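First up is the structure itself, then whatever we jot down about it.
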Amino acid sequence: MSSRRLLKAAEAIREVVANAIVTEVRDPRVRDVTVIGVEVSPDMREAKVKVSVMGDETQKNLSLRGLQNSAGFLQSKIANRMDTRYTPKLRFEVDRGQENAMTVGEILARIRQEKDGATDDRDQNDSGDDATPHSND
1 MSSRRLLKAA
11 EAIREVVANA
21 IVTEVRDPRV
31 RDVTVIGVEV
41 SPDMREAKVK
51 VSVMGDETQK
61 NLSLRGLQNS
71 AGFLQSKIAN
81 RMDTRYTPKL
91 RFEVDRGQEN
101 AMTVGEILAR
111 IRQEKDGATD
121 DRDQNDSGDD
131 ATPHSND
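Mind the numbering: the sequence shown is residues 1 to 137 in UniProt numbering, read in order.
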């Protein structure tokens, strides 16, 4: 199957799932969920739906279980939208990319802060009031 067709299918699945989560899924566990992307297998029998969930690990796990329980309903919505031989089986996973980016940003900020602190210390040491000039004797 062409990669263009897979990309179109992935985008259609992402759109259907994202809209259904916001407007039709009634499971209270599924909240603060954003669909980041979808990867479809070459045979279109499986689709990995990457989601971002606001909250702690407990909330993320609850939302994943709620999404997995809603998978059949979401697959029926996909079947209504797409004209394919198979409706992909949905598998949900938390996308850690945003968390990783935030962690890297925090590390870089800490390094920058430490570097600025070290520069300030050197500047204070260099601007000391030495009454005697340095000689290389």
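Backbone N, C-alpha and C define an ideal beta-carbon position, used for all residues, glycine too.
Please read all numbers here as calculations on a predicted model, not as lab measurements.
- The three-state secondary structure of Glu24, taken from DSSP, is coil.
- DSSP places Arg81 in no beta strand (DSSP E) but in the uninterrupted alpha helix (DSSP H) bounded by 71–81.
- Per the DSSP secondary-structure output, Leu67 pairs with nothing in a beta bridge.
- Membership of Ser52 in the beta strand (DSSP E) is indicated by the continuous run 46–53.
- Collapsing the DSSP output to three states places Val40 in a strand.
- Cβ-Cβ separation between Leu6 and Val40: approximately 5 Å, consistent with a contact (criterion under 8 Å).
- Under the DSSP assignment, Arg91 falls in the beta strand (DSSP E) whose first and last residues are 89–94.
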